[in-house]
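Novice:
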Amino acid sequence: MIRQLEKYPEALGDYRNWLKEQGIDTTGMRPMGSAEGTMSVFAKRLKNGRSWVDKGVSAMFTGLVAYLDKLTLKTLFGRIEKWAETKVEKNPPRYYTERITSTIGEATRDNILYLKRKANIPVYKALKELSGF
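As structure tokens, then:
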């Protein structure tokens with residue numbers, strides 16, 4: 516691989532410079548290596564490290580494109596003609612956050628057996644420190 520890179524040193528240059536020479540605006544484009552890092556994060560989050568068959572990848576991208584472009588999508592359960600509008604609330608009320616925190620605390624109480632045992636073991640200490648998250 517090193518020999519191949521030595522034959523083509525331009526392969527190690529910033530591709531954005533070449534695109535600028537071609538008259539293409541590179542504003543917002545990332546440097547080399549960023550795409551690979553982004554793709555590995557995407558693969559980890561979406562696939563959890565598993566491989567996909569071509570048919571699965573094609574179906575995933577068909578669904579993604581249909582969603583992003585608001586196109587009709589045929590599924591096993593029928594057709595999606597209209598996509599739901601997602602409304603993001605800019606400033607949710609504070610009492611929601613406070614109420615959720617207190618409700619979660621009540622729902623998770625006594626679910627971790629280690630916290631009912633001796634307080635001097637490392638697992639107990641680690642879980643107790645994580646309780647604030």
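Each number in my numbering corresponds to the 1-based position in the sequence shown with 515 added. Beta carbons are placed, not taken as given, at the ideal position from N, Cα and C, and that holds for glycine. None of these values were measured; they are calculated from a predicted model.
1) Looking at the structure shown, is Thr542 part of a helix, part of a strand, or coil, going by DSSP?
2) At which residues does the beta strand (DSSP E) containing Leu588 begin and terminate?
3) For Phe648, count neighbouring Cβ atoms within 10 angstroms of its own Cβ and tell me buried if that reaches 16, exposed if not.
4) Let me check understanding here. Comparing Cα to Cα, which of Arg545, Thr590 and Lys585 lies closest to Trp598?
Specialist: Quick answer:
1) Thr542 falls in the coil class under three-state DSSP.
2) It spans Leu588 to Thr590 - the beta strand (DSSP E) in which Leu588 sits, taken as one unbroken run.
3) The predicted model places Phe648 with a pLDDT of 48, which falls under 50 and marks its position as unreliable; any figure quoted below should be read in that light. Here Phe648 is exposed, its C-beta having fewer than 16 other C-beta atoms within 10 Å.
4) Out of Arg545, Thr590 and Lys585, Lys585 has the C-alpha closest to the C-alpha of Trp598.
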